[in-house]
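Undergrad: Sequential numbering of the sequence shown, starting at 0, is according to numbering that gives the first Met the number 0. I have a structure I would like to understand better, so I am pasting it below and will then ask my questions one at a time.
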Amino acid sequence: MSAIASLHGKVVLITGAASGIGLSCAQAFAKQGARVIITDLNEAALEGARQLVLAAGAPSCLTYVCDVSNEASVSACAERVHKEVGALDVLVNNAGIYYLGGFMETSLEMWQRMFQVNLMGIVLMCRAFLPAMKAAGGARRIVNIGSLASFLGAPNITAYTASKHAVLGLSDVLAMELAAEHSPVGITRVCPGIINTPLLAGKTVGANITQRQLLQQQEYYRTHGCTPDVVADGVVKAVQRGDSYCFVGPKAKLGFWGTRLSRNLAHAMSITESTQSGYLDAP
0 MSAIASLHGK VVLITGAASG IGLSCAQAFA KQGARVIITD LNEAALEGAR QLVLAAGAPS
60 CLTYVCDVSN EASVSACAER VHKEVGALDV LVNNAGIYYL GGFMETSLEM WQRMFQVNLM
120 GIVLMCRAFL PAMKAAGGAR RIVNIGSLAS FLGAPNITAY TASKHAVLGL SDVLAMELAA
180 EHSPVGITRV CPGIINTPLL AGKTVGANIT QRQLLQQQEY YRTHGCTPDV VADGVVKAVQ
240 RGDSYCFVGP KAKLGFWGTR LSRNLAHAMS ITESTQSGYL DAP
């Protein structure tokens, strides 16, 4: 199961950790006494995040600017980490982007960027860090942050849904291969439900999305979603127990089991929820 019951002194790297779920995960691991490494594209925000992680109890917190969608950037980050710290005990692939817009209103450039970050970012990070984790031996864990959209999509997030479905598929097969190798490295697939994070703050949306729809979705996530620290606590517990899956936050378990019971029923439920959160531009 590759459980890591005690995280004290363990080396944990989290991508996209300057804010949101990534920062909350860094703080949650810090509370367990882990040595934390945080990466992000936002260099200016990393130092503030570092101070919060140290305040949460981490004995150390290193920061690296890393673009997970860029192979050279990931390779440079891995080289520095392995030189300065050694093999990771836990890799949390959290970095991701979100886009709200209809299928035809989502540009090919956005499709490519969505997969470069959300999927290929995980591919590049795993290729860069997994070999050293396997060679070091002992229980270790890779945590891939998916979404409720990993198994149940919604209107106006076609590209995001496709990328998160791919994350779950990648994680499943990688877990199979590691199990077949009798590797001590395990995979945890995290599928958060409705989480109140600033995913859409300052971001562009599709031409079919009105300001009223955008505000309605933001309000829906604020009133119906849980905070990122709920996800972070779930991630830490999943790593300590060696869980293969972690369904956390509102609608996560309901959506997962709903798709198992009836995909048609689950799709109808998703459309209803999406309508409440602004899918249809109705006053």
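From the three backbone atoms N, C-alpha and C, an ideal C-beta is built for every residue, glycine too.
Here's the rule I'm using: 16 or more other beta-carbon atoms within 10 Å means buried, otherwise exposed. How should Pro58 be labelled?
TA: Answer is exposed; the Cβ neighbour count stays below 16.
Undergrad: In whole angstroms, give me the CA-to-CA distance for Phe102 and Thr157.
TA: Those two C-alpha atoms are separated by around 6 Å.
Undergrad: Nearest-angstrom Cα distance between Gln217 and Leu22?
TA: Near 20 Å, if we compare the C-alpha coordinates of Leu22 and Gln217.
Undergrad: I need the DSSP call for Asp39, collapsed to helix, strand or coil.
TA: If DSSP states are grouped into helix, strand and coil, Asp39 belongs with the strands.
Undergrad: Mind checking which residues open and close the alpha helix (DSSP H) that includes Cys76?
TA: Element bounds for Cys76: Glu70 to Glu83.
Undergrad: Whose C-alpha, out of Asp242, Met119 and Ser162, is nearest the C-alpha of Val142?
TA: When only C-alpha atoms are compared, the closest one is Asp242.
Undergrad: How many angstroms separate the CA atom of Ala206 from the CA atom of Tyr98?
TA: Answer to the nearest angstrom: the Cα atoms are 12 Å apart.
Undergrad: At what residue ranges does the region 2 to 58 contain a whole run of the beta strand (DSSP E), taking only runs of 3 or more?
TA: Runs found: 10 to 13 and 34 to 39.
Undergrad: CA-CA distance, Gly95 and Phe114?
TA: Looking at the two C-alpha atoms, the distance is approximately 9 Å.
Undergrad: Just to confirm the assignment, what range does the alpha helix (DSSP H) spanning Asn195 have?
TA: Neither: Asn195 is in no alpha helix (DSSP H) and is coded neither H nor E.
Undergrad: Within the same chain, show all residues whose beta-carbon is closer than 6 Å to that of Val11, passing over the 5 residues directly before and after it, in chain order.
TA: Once the five neighbours on either side are set aside, the close Cβ partners of Val11 are Phe28, Ala33, Val35 and Val89.
Undergrad: Should Val235 go down as buried or exposed, given a rule of 16 or more other Cβ atoms within 10 Å for buried?
TA: Per the 10 Å Cβ criterion, buried.
Undergrad: Which one of Lys82, Leu61 and Gln212 has the shortest CA to CA distance from Ser46?
TA: As written in the sequence, residue 46 is Glu, which differs from the Ser given in the question. The shortest C-alpha separation from Glu46 is found at Leu61.
Undergrad: Cα separation between Gly8 and Tyr219?
TA: Approximately 39 Å between the Cα atoms of the pair.
Undergrad: Can you tell me whether Tyr219 is helix, strand or coil according to DSSP?
TA: Three-state result, Tyr219: helix.
Undergrad: On the criterion of 16 or more Cβ atoms from any shown chain inside 10 Å, does Gln50 qualify as buried, or is it exposed?
TA: The residue in question, Gln50, is exposed, as its Cβ has fewer than 16 Cβ neighbours within 10 Å.
Undergrad: Are Thr226 and Asn195 close, meaning C-beta to C-beta below 8 Å?
TA: A contact, by the Cβ cut-off of 8 Å.
Undergrad: Excluding five sequence neighbours on each side, which residues of the same chain lie with their C-beta closer than 7 Å to the C-beta of Ser149?
TA: Same-chain partners within the cutoff: Lys163, His164, Val166, Leu167 and Cys190.
Undergrad: Nearest-angstrom Cα distance between Ala17 and Phe246?
TA: Rounded to whole angstroms, Ala17 to Phe246 spans 23 Å at the Cα level.
Undergrad: Which two residues bound the contiguous beta strand (DSSP E) that contains Leu317?
TA: The first residue shown for the chain is 0 and the last is 282, placing residue 317 beyond what the model contains.
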